[in-house]
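Let me begin by presenting the structure, written as structure tokens, before commenting on it.
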Amino acid sequence: GKWVWLEARRLCMERVAVVGAGVVGLSTALLLSERLGPSVSVTVIADRFSPFTNSDASGASLIPFNLGKEGEQEAQQRRWFVETFQHLQDLNCSRDARPAGISLVGGAVAFKEETPLPWWKDIVFGFRQVPWNSQEARALAIPPSYKSIWFFSTYMLTCKQYLPWLMARFKEKGGRVEKRRVGKLAELLKVYDAVINCSGLGARDLAGDSTVFPVRGATVVVQAPWVKQFFMDMSDLRYIFPRSDGVVLGGTKEESWSEEPDDKESSAIIQRCSELVPSLADAPVLFQRVGLRPVRPSVRMEVDRELGGVVHCYGHGGQGVVLHWGCAKDMVNLVHEHFAAALPAKL
């Protein structure tokens, strides 16, 4: 509202920079533009934009595995997921669903060991646990080696559509874009009143944070329009995700900085996924992608203790898409609270 704009002006917060153009950075920039209004200029600065970000390489399914353990942001990350799911539900019910690259897809997640029901079972749609010999499990030819099988529907995102959609909304709000590599966050404070660090792996250098490290994930996207349901084998890290740009097959998980696709690795991914859905063996390959997940013990969301004008938001690992909207909403509140706290008691 207007009072936010007035506070921004009183704080001389006229220029804000968001470093990073992945799904978290663009969501944060968009919501900042909406919240702070036209009196504040928001600029996204990054050396990579879609389709070359790590977000573009993600499987991008709204299935919240590997969130923070109890006592490590667990409640916060659960709330971020719920808010992100609600945002995508609203988007899926709007005219923007197609250009934003969102779809609602049904499918199954399976484990080869008995697994407790997940906390998110009442958030996704139509969750039910079924035995391997059930009609649903037989429809996907799930073998008896799987002890826990969950069917439900959730959202899939095609990030090479979703990120440009976010960018277009951001520019509509007057947002600016600068393509360059940032050397030091402190340098930006000479030009900007606030700097929002959503740089993912870049935080290793920009924030001097050695706890952030890359976990490489390779995927293969094939043309298989007959595959309509997702399948995720949690015991063997393989998944099949139908999206608007093809069917994503994955995956891999190794600590590495290599972003180059590997043909042998891609062939192994196709073979492993074809064991689940045999018709995938002959599906034409559209493209291969490698992304580096910015893994950290927990998401860092806080004001920098030394650089008071810098607010950090990075370390989402492979859960950036799963958490992005809720995370961005909290970032906007944190930025506002931090700068509002600097107001004199009486003007």
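With my numbering, letter number 171 in the sequence shown gets 190, and the count goes up by one each step, no holes. Note that CB positions come from ideal geometry on N, CA and C, so glycine has one too.
Helix, strand or coil, according to DSSP, for Phe84 in the structure here?
Locating residue 84 in the sequence shown gives position 65, counting from the first residue. Three-state DSSP puts Phe84 in coil, outside helix and strand.
Should the stretch 129 to 146 be regarded as contacting the stretch 168 to 182, the criterion being three or more beta carbon pairs within less than 8 Å?
yes
For Leu342 and Gln180, believed in contact at Cβ under 8 Å, the rounded distance
Working through the sequence shown from its first residue, we reach residue 180 at position 161. Working through the sequence shown from its first residue, we reach residue 342 at position 323. With 8 Å as the limit, Gln180 and Leu342 do not qualify as a contact, their Cβ atoms being about 19 Å apart.
Could you tell me how far apart the beta carbons of Leu49 and Phe249 are, in whole angstroms, since I believe they sit closer than 8 Å?
Position 30 of the sequence shown, counted from the start, is the residue given in the question as residue 49. Position 230 of the sequence shown, counted from the start, is the residue given in the question as residue 249. Actually they are not in contact, since the Cβ atoms of Leu49 and Phe249 sit about 27 Å apart, beyond 8 Å.
For the stretch 224 to 241 and the stretch 69 to 87, state whether three or more C-beta atom pairs, one from each stretch, are separated by less than 8 Å.
yes
Given that a residue counts as buried once 16 or more other Cβ atoms are within 10 Å of its Cβ, and exposed if not, what is Ser46?
Position 27 of the sequence shown, counted from the start, is the residue given in the question as residue 46. So Ser46 ends up on the buried side.
Ranges of the alpha helix (DSSP H) found wholly within the stretch 148 to 182, counting only runs of at least 4
154 to 158
Closer than 8 Å by C-beta to Glu102: which residues in its own chain qualify, once you throw out the five before and the five after it? Chain order, please.
Numbered from 1 along the sequence shown, position 83 holds the residue referred to as residue 102. Trp344, Gly345, Lys348.
Consult DSSP for Gly120 and reduce its assignment to one of helix, strand or coil.
As a first step, residue 120 is located in the sequence shown; it is residue number 101 there, counting from the start. In the structure shown, Gly120 sits in coil (DSSP, three-state: anything other than H, G, I, E or B).
Integer-rounded CB distance, given that Gly219 should sit under 8 Å from Pro313:
Counting from one through the sequence shown, the residue named residue 313 turns up at place 294. Counting from one through the sequence shown, the residue named residue 219 turns up at place 200. About 4 Å; that satisfies the 8 Å criterion.
Member of Pro233, Ala65, Gly265, Pro135 whose CA lies at the smallest distance from the CA of Gly202:
Locating residue 202 in the sequence shown gives position 183, where the first residue counts as 1. When each option's Cα is compared against that of Gly202, the closest is Ala65.
Between Gln92, Val234, Asp323, which lies nearest to Val214 when the distance is taken from Cα to Cα?
If you number the sequence shown from 1, residue 214 lands on position 195. If we check each option's Cα against that of Val214, Asp323 comes out closest.
Taking C-alpha atoms, which residue in Gly269, Trp276, Gln242 lies nearest to Ala302?
By one-based count along the sequence shown, residue 302 stands at place 283. Of Gly269, Trp276, Gln242, the residue nearest in Cα terms is Gln242.
Which residues DSSP lists as bridging Glu197, in chain order
Within the sequence shown, numbered from 1, the residue matching residue 197 stands at position 178. Glu197 is bridged to Ile64.
Three or more C-beta pairs closer than 8 Å, one from the stretch 51 to 59 and one from the stretch 184 to 199: is that the case here?
yes
To the nearest whole angstrom, what separates the beta carbons of Ser254 and Glu133, a pair I think is in contact under 8 Å?
Along the sequence shown, one-based indexing puts residue 254 at 235. Along the sequence shown, one-based indexing puts residue 133 at 114. The Cβ separation is near 11 Å, so there is no contact.
Just grab the DSSP bridge partners of Gly236 for me.
Numbered from its first residue, the sequence shown carries residue 236 at position 217. Its beta-bridge partners are Gly310.
I'd like to know if the stretch 220 to 233 and the stretch 255 to 272 are in contact, where contact means that at least 3 CB-CB pairs between them fall below 8 Å.
no
Take Thr230 and list the residues in its own chain whose beta-carbon comes closer than 7 Å to its own, dropping the five residues that flank it on each side.
By one-based count along the sequence shown, residue 230 stands at place 211. These residues qualify, in order along the chain: Arg315, Pro316.
Take Leu305 and list the residues in its own chain whose beta-carbon comes closer than 8 Å to its own, dropping the five residues that flank it on each side.
Reading the sequence shown from its first residue, position 286 is the one you call residue 305. Only Val240, Val241, Gln242, Asp264, Gly265 meet the Cβ criterion.
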